[in-house]
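Report on one structure; see the data block that follows.
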Amino acid sequence: MTASVQVHEGKLAWSGDHWILGIRPQGAEQPSAWVSLFHTRYSPAGEGIAAQILLPGDRPISVICTDQPEVGRFTREQFFSAGSYFDPEAPLVDAQFQRRGDIRKDPAWIIETDAFRIVARWQITQPAVVAAGTFCPGTEHFTLLFFSDAASVQRDEQSIEGQPYPRDIWKPSIGGERSSCVIALAESLIELHSDDVK
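The numbers in the sequence shown follow the working numbering, run straight up by one, and end at 198.
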């Protein structure tokens with residue numbers, strides 16, 4: 001019998017989960033809340049969590065929360081800096097993280113610092129999109145994408161107005177407009193050797 005498993009010759013650059021939650025009021029063009037959380041299981045900086053939190057408004061927040069400063073710096077340089085709402089002035093802030101809810105239907109993250117408490121929650125109603133391939137030149141991804149059409153953010157027990165909205169950033173890869181709220185589970189980023197890059 002021919003073996004059906006192939007050994008990838010690329011280099012593992014990162015592995016973990018990426019949780020994205022962006023909401024905005026109807027008719028608005030900018031998010032009223034943006035949370036991008038990387039739960040890193042493996043990286044050159046080790047293991048840990050880093051979350052970019054952007055809350056405009058009367059009491060604005062623009063920080064990168066982390067429980068491991070080295071992982072926070074790595075995530076800022078490798079991922080947040082290429083994101084849609086990157087703030088180069090956002091400071092690294094020590095934080096505690098707790099996972100809550102049922103991963104199958106209503107997972108949530110609680111992010112606590114000395115200054116605020118954020119609860120970000122996703123409602124899962126769609127099956128996973130299983131995707132593998134090149135999302136950007138020189139790399140390959142494997143990921144399980146759970147898009148959410150209902151999500152919420154609370155700051156200090158106060159709900160922030162807004163709903164998920166469609167984004168077109170997925171058109172070049174998996175096609176179509178997709179929700180601004182998505183959970184990427186079991187994600188791995190592989191750096192390709194120069195001979196493998198087409």
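The beta-carbon is built from N, C-alpha and C at its ideal position, and this holds for glycine as well.
As the structure is a prediction and not an experimental result, all values here were calculated from the model.
#1: Quick one: Cα of G22 to Cα of D94, how far?
#2: Would you identify the three-state DSSP class for V7, choosing helix, strand or coil?
#3: Which two residues bound the contiguous beta strand (DSSP E) that contains G133?
#4: For a test of the three-state rule: what should DSSP assign to F38, helix, strand or coil?
#5: Please work out which residues of its chain come closer than 6 Å, Cβ to Cβ, to G57, disregarding the five sequence neighbours upstream and downstream, and give them in chain order.
#6: Taking the alpha carbon of F207 as the reference point, which residue from S180, Q52, R155, C65 has its own alpha carbon closest?
#7: Under a Cβ-count criterion, where at least 16 other Cβ atoms within 10 Å of its own Cβ denotes burial, should R59 be classed as buried or exposed?
#8: Quick check on S188: does DSSP put it in helix, strand or coil?
#9: Where does the unbroken alpha helix (DSSP H) through E29 begin, and where does it stop?
#10: If you drop the 5 nearest sequence neighbours on each side, which residues of the same chain put their C-beta closer than 7 Å to that of G72?
#11: Anyone know if the C-beta pair for L12 and I174 falls short of 9 Å?
#12: Taking all protein chains shown into account, do 16 or more other C-beta atoms lie within 10 angstroms of the C-beta of I103, making it buried, or fewer, making it exposed?
#13: Distance check for C181 and L145, CA to CA, integer angstroms please.
Let's see:
#1: If you number the sequence shown from 1, residue 22 lands on position 22. If you number the sequence shown from 1, residue 94 lands on position 94. The C-alpha of D94 is placed about 22 Å away from the C-alpha of G22.
#2: Within the sequence shown, the letter at position 7 stands for residue 7. Coil at V7, not helix or strand.
#3: The sequence position of residue 133 within the sequence shown is 133, counting from 1. Taken as a continuous stretch (DSSP letters only), the beta strand (DSSP E) holding G133 covers 129–133.
#4: Counted from its first residue, the sequence shown places residue 38 at position 38. Looking at F38 - three-state DSSP - the assignment turns out to be strand.
#5: Counted from its first residue, the sequence shown places residue 57 at position 57. Excluding positions up to five away in sequence, the list is empty.
#6: Lying outside 1 to 198, the shown extent of the chain, residue 207 is not represented and no answer is given.
#7: In the sequence shown, residue 59 corresponds to position 59, counting from 1. Exposed, by the Cβ-count rule.
#8: The residue given as residue 188 occupies position 188 in the sequence shown. Strand at S188.
#9: Locating residue 29 in the sequence shown gives position 29, counting from the first residue. Going by DSSP, E29 is part of no alpha helix (DSSP H) at all; its letter is neither H nor E.
#10: Residue 72 sits at position 72 when you count from the first residue of the sequence shown. Beyond the five residues adjoining it in sequence on each side, G72 comes within less than 7 Å, by CB distance, of A50, I64, T66, L92 in the same chain, given in chain order.
#11: In the sequence shown, counting from the first residue as 1, residue 12 sits at position 12. In the sequence shown, counting from the first residue as 1, residue 174 sits at position 174. Judged by beta-carbon spacing, I174 lies beyond the 9 Å limit of L12, meaning their Cβ atoms are not closer than that value.
#12: Translated into positions along the sequence shown, residue 103 becomes position 103. The residue in question, I103, is exposed, as its Cβ has fewer than 16 Cβ neighbours within 10 Å.
#13: Counted from its first residue, the sequence shown places residue 145 at position 145. Counted from its first residue, the sequence shown places residue 181 at position 181. Those two C-alpha atoms are separated by around 10 Å.
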